[in-house]
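Oh and the sequence shown: position 7 is 1 in my numbering, straight run, nothing missing. To keep things clear, I will list the structure first and then write my remarks on it.
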Amino acid sequence: MGAVHESNERYPPPLCHPGTREVVVGRVKGWHLEMNGTKKEIMWVHAPAGFGKTAVAGTVTEKLKAMKRELGFTPVGATFYFWRTSPERNSPARLIITLAYQLAQSTPELRPHVDAILKSEPDVVKMALEIQLAKLIVEPFKSLPNLDTMPHRLVIIDGIDECINSDRESRLEKKYAEDQETVQIRVLNLILRLQSHHLPLSFLILSRPEAWIKRHFESRPFRDLVESLDLYEIGDHMNDVKQFVRAELSRIAASFGLEEADEEWPGEEELVYKSEGHIIYASTVIRHIDDPYGDPRELLEGIIHNSEQDISHSTPFSSLYELYRQIMRSCPERNRALMMEVLEDSMVFYQYYSVDDALSWVSEGDVRCAKALGVLDRLSGRLAGSGLRALRPLHAVLRTGSGDVDVEDLFVHSSFGEFLADPHLSLEFTTNLLKGEERMLSNVLDCIASITLDPVGRKLDDHTQFALKNWWKIWANSLQMSPRSTAAHLQLIEKIIAIDLTACVVHTYLSLNYSSGEESPLFPLFTYPELSDFFVESMQSDGPAVSLSIVQKVTSHAKSALDSTFTLLLQSTTLPAFSPDAIERMSWDCANYLRKVTTEANWRENKLIEALRAPGPKGIDLFKAVIQGEISQDLRRHIYEFMEHEGNPILEAEDHPFQEFLEPDSIRSGSNPGFDWEGLAALIRGGGDREQ
-5 MGAVHESNER YPPPLCHPGT REVVVGRVKG WHLEMNGTKK EIMWVHAPAG
45 FGKTAVAGTV TEKLKAMKRE LGFTPVGATF YFWRTSPERN SPARLIITLA
95 YQLAQSTPEL RPHVDAILKS EPDVVKMALE IQLAKLIVEP FKSLPNLDTM
145 PHRLVIIDGI DECINSDRES RLEKKYAEDQ ETVQIRVLNL ILRLQSHHLP
195 LSFLILSRPE AWIKRHFESR PFRDLVESLD LYEIGDHMND VKQFVRAELS
245 RIAASFGLEE ADEEWPGEEE LVYKSEGHII YASTVIRHID DPYGDPRELL
295 EGIIHNSEQD ISHSTPFSSL YELYRQIMRS CPERNRALMM EVLEDSMVFY
345 QYYSVDDALS WVSEGDVRCA KALGVLDRLS GRLAGSGLRA LRPLHAVLRT
395 GSGDVDVEDL FVHSSFGEFL ADPHLSLEFT TNLLKGEERM LSNVLDCIAS
445 ITLDPVGRKL DDHTQFALKN WWKIWANSLQ MSPRSTAAHL QLIEKIIAID
495 LTACVVHTYL SLNYSSGEES PLFPLFTYPE LSDFFVESMQ SDGPAVSLSI
545 VQKVTSHAKS ALDSTFTLLL QSTTLPAFSP DAIERMSWDC ANYLRKVTTE
595 ANWRENKLIE ALRAPGPKGI DLFKAVIQGE ISQDLRRHIY EFMEHEGNPI
645 LEAEDHPFQE FLEPDSIRSG SNPGFDWEGL AALIRGGGDR EQ
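Below is the structure:
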């Protein structure tokens, strides 16, 4: 009896707050009362945890029962509310006998037929559920003479995802929720079997959108019988929360004797915003601040502005976190390690890298969860689809579904992310983001280690593009979050030294989305006084000093890569054409590097300087952009004089970039012989000071 709507175990039954969820309640009522023959006999209302599915079921029950006098019969035939923590309500063992009992109450014509079965076969209540269904529901209905004209009763079954135990014998001790998929499919098949007899019954099923439930409803036997209603897509959730919060704060203000009870509280608007449209979050906050021993306004202020008050042990929040723990424990134990790894990867992936910045490799617009998880699978060396399958049991709190959801919207509510990050709340399910960062860094370095210049210009796989464009951001974030031992750091530097940085930089220039403002792949190197600082700075304070040989090796590797990169860009005959935006970005990077090069004593012998003296046909545009950029006057003059001495044809073009060094026509023609034009020209060429 604890599973029925009016039970004492469920008192008071969860109901929608007045004025909320009106659209979905109206849809369900209209569907059930519809009289035409095209109506589907099963409606599935689904939504993630915290969207008030049980309250919707209770409100539909109340509103339909209120129509009994108007309709002339009881429109609700039976209800059954599964509940994960109740031994009598977390298995289907009593489902059929509970429904049969209520149907005999709501449809008096059935009573004598049910009584007859129970008297002749008293053990039927211990038989298989399929037999109970036939004996206690189907046969009594079939015994009625007016079956075709009998009005339809609604059977409401809420929380099928809360049905986690089968009660079947087992030689081994069962783990928590081990049978949930099997037993939930069995319940659905029982409903299908009951519907197949075309009795005067309609079925309202409410559950989370677990993958196996969704797949079963979409299978051939169910497909044409089920009307699906996504509670997440129906109605104005933010407005519902706003109405609920306003009414509850007014009630609390009145009960505490606060002045101006009907006025908006400080933080009220922020609470509505922070709820993200989830009644469960807003109601949890309301229960938390409705404390007779505390100041409700101070408590609300603390939650809104994340003060240091400890809410983890607050009874309302404890119930929310216990709900999260139950969901996590329902996941198969054999898959938990992988599930936690994928969760960590996902949280690192979208917590630190924005869509416009790190994820523009996917497409213009939203980044889909399935795409992101696919990238993480490739980076981690997992089988394709492993990540999505590992998170499948968490559909109640994650919006994975078919994977067609923005990656930034992975969590149904942000409180789940906070729960996972706090070991005091999530216990054995705590995510270790530091470990996730380290794993991500190692994986992206391994990925870009395979990049070469042969062939250049080919389209790279999504995971390679992500690694290529973001390895340096992940390096910086990872080392800032988790200073590691010198030995571990040196292993990562060895990976850097083994990477063909020239190939990586060239491929990045070819693939950057310049219109979205993606940063240069060389940006971090130019923000430090020395090229090696980016790689070794975070290790300086970690015990032993970095050995000179490592600093020299990584400096030499970075410098050699930059020399080779810009030399290749200036002189290559095989690289594809670059866009004007790419040339502008490359010239800026090249100029930055040249400013470092020209501080060295023997800079004129640098291979990049040699490349600037004799750029190839495909490097002319980059050459001009570099010369006209922010490089030293000495370097610009050096290049000009070398080209002039060699007779480089670039100087024959009218728009060559050395106009500042040209002599006026009057000098070349020898006009005005009374002035020492040759002496002035020699002075200019010799670099005389401004006063001279």
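Cβ atoms here follow ideal geometry from the backbone N, Cα and C, with glycine treated the same way. Since the structure is predicted, the reported quantities are computational estimates derived from the model, not experimental observations.
Counted within 10 angstroms of its Cβ, other Cβ atoms place residue i as buried (16 or more) or exposed
i     : result
D628  : exposed
G13   : exposed
P6    : exposed
M322  : buried
Y697  : Not covered by the structure: residue 697. The range shown for the chain is -5 to 686.
I633  : buried
M(-5) : exposed
S663  : Any reading at S663 must be qualified, since the residue scores a pLDDT of 48, below 50, and its modelled position is unreliable; no value is offered.
E638  : exposed
H192  : exposed
A352  : Residue placement at A352 is flagged as unreliable, the pLDDT there being 43, under the threshold of 50; the coordinate-derived value follows with that caveat. Classification for A352: buried.
G251  : exposed
N437  : buried
Y287  : exposed
K62   : exposed
T143  : exposed
L166  : Interpretation of L166 is limited by its pLDDT of 45, a score under 50 that renders its predicted location unreliable; the figure taken from the coordinates is listed afterwards. Exposed, by the Cβ-count rule.
Q653  : exposed
R376  : buried
Q459  : buried
D339  : buried
A595  : exposed
P290  : buried
T394  : buried
D455  : exposed
E646  : exposed
T101  : buried
R209  : exposed
S535  : With a pLDDT of 46 at S535, under the threshold of 50, the predicted position of this residue should be treated as unreliable, and no value is reported.
L677  : exposed
S190  : exposed
Check whether residue i and residue j have beta carbons under 7 Å apart
i     : j    : result
A555  : L495 : yes
L690  : I577 : Outside the displayed span of the chain (-5 to 686) sits residue 690, for which this structure offers no information.
H(-1) : T73  : yes
P203  : H483 : no
T751  : V499 : No answer is possible for residue 751: the residues shown for the chain start at -5 and end at 686.
L219  : V39  : no
E156  : R78  : yes
D583  : S514 : yes
G623  : S566 : no
H457  : L373 : yes
I544  : A497 : no
I625  : L569 : no
L525  : K553 : yes
Contact belief for residue i with residue j at Cβ below 8 Å, rounded distance in angstroms
i    : j    : result
F67  : L104 : So it is not a contact: roughly 13 Å between Cβ atoms.
L656 : L606 : Incorrect: roughly 19 Å between the Cβ atoms, too far for contact.
F423 : L435 : Between L435 and F423 the Cβ distance is about 24 Å, and since that is not below 8 Å, they are no contact.
L370 : F410 : The pair is not a contact, with the Cβ atoms about 19 Å apart (cut-off 8 Å).
L123 : P86  : 6 Å
I131 : L93  : 7 Å
E133 : I111 : 7 Å
L138 : I90  : Not quite, the Cβ-Cβ distance comes to about 19 Å (not below 8 Å), so this is no contact.
L367 : G381 : 4 Å
H299 : G271 : Not a contact, Cβ separation roughly 21 Å.
I493 : L439 : 7 Å
beta-carbon residue i near the ligand GTP non-hydrogen atom, thresh 6 Å
i  : result
Y5 : What this structure holds is no ligand at all, so the ligand GTP is not there to describe.
Closer than 7 Å to chain C by CB, residue i
i   : result
V17 : In the structure shown, chain C does not exist; there is a single protein chain.
Determine contact between the stretch 84 to 102 and the stretch 141 to 154, defined as no fewer than three beta-carbon pairs at a distance below 8 Å.
Enough Cβ pairs lie closer than 8 Å, so yes.
Three-pair Cβ contact test at 8 Å for the stretch 333 to 346 versus the stretch 379 to 386:
Judged by Cβ distances under 8 Å, the stretch 333 to 346 makes contact with the stretch 379 to 386, as three or more pairs qualify.
Does the stretch 47 to 62 come within contact of the stretch 10 to 25, defined as at least 3 CB pairs closer than 8 Å?
Yes, the stretch 47 to 62 is in contact with the stretch 10 to 25.
Evaluate the contact criterion for the stretch 236 to 246 versus the stretch 262 to 281: three or more CB pairs, one atom per stretch, below 8 Å.
Yes: at least three Cβ pairs fall under 8 Å.
Suppose only complete runs of 4+ residues qualify. What are the alpha helix (DSSP H) ranges in the stretch 570 to 620, listed by chain order?
Within the stretch 570 to 620, the complete alpha helix (DSSP H) segments at least 4 residues long are 574 to 591 and 601 to 607, listed from N- to C-terminus.
Across the stretch 177 to 186 and the stretch 223 to 235, are there enough close Cβ pairs to call them in contact, namely three or more that are closer than 8 Å?
Counting Cβ pairs under 8 Å, fewer than three are found: no touch.
Whole alpha helix (DSSP H) elements within the stretch 151 to 213, 4-residue minimum
The stretch 151 to 213 contains these whole alpha helix (DSSP H) runs: 174 to 189 and 205 to 211.
At 4 residues or longer, and completely inside the stretch 228 to 286: list those alpha helix (DSSP H) runs for me, N to C.
Secondary structure in the stretch 228 to 286: the alpha helix (DSSP H) runs of 4 residues or longer, each lying completely within the stretch, are 231 to 249, 262 to 269 and 273 to 283 in chain order.
In the stretch 475 to 528, which residue ranges form an unbroken alpha helix (DSSP H) of at least 4 residues, counting only runs that do not cross its ends?
Counting whole runs of 4 or more residues, the stretch 475 to 528 contains the alpha helix (DSSP H) stretches 480 to 492 and 495 to 505.
Which parts of the stretch 103 to 135 are runs of the alpha helix (DSSP H), unbroken and 4 residues or longer, counting only runs that do not cross its ends?
Correct list: 105 to 114 and 123 to 127.
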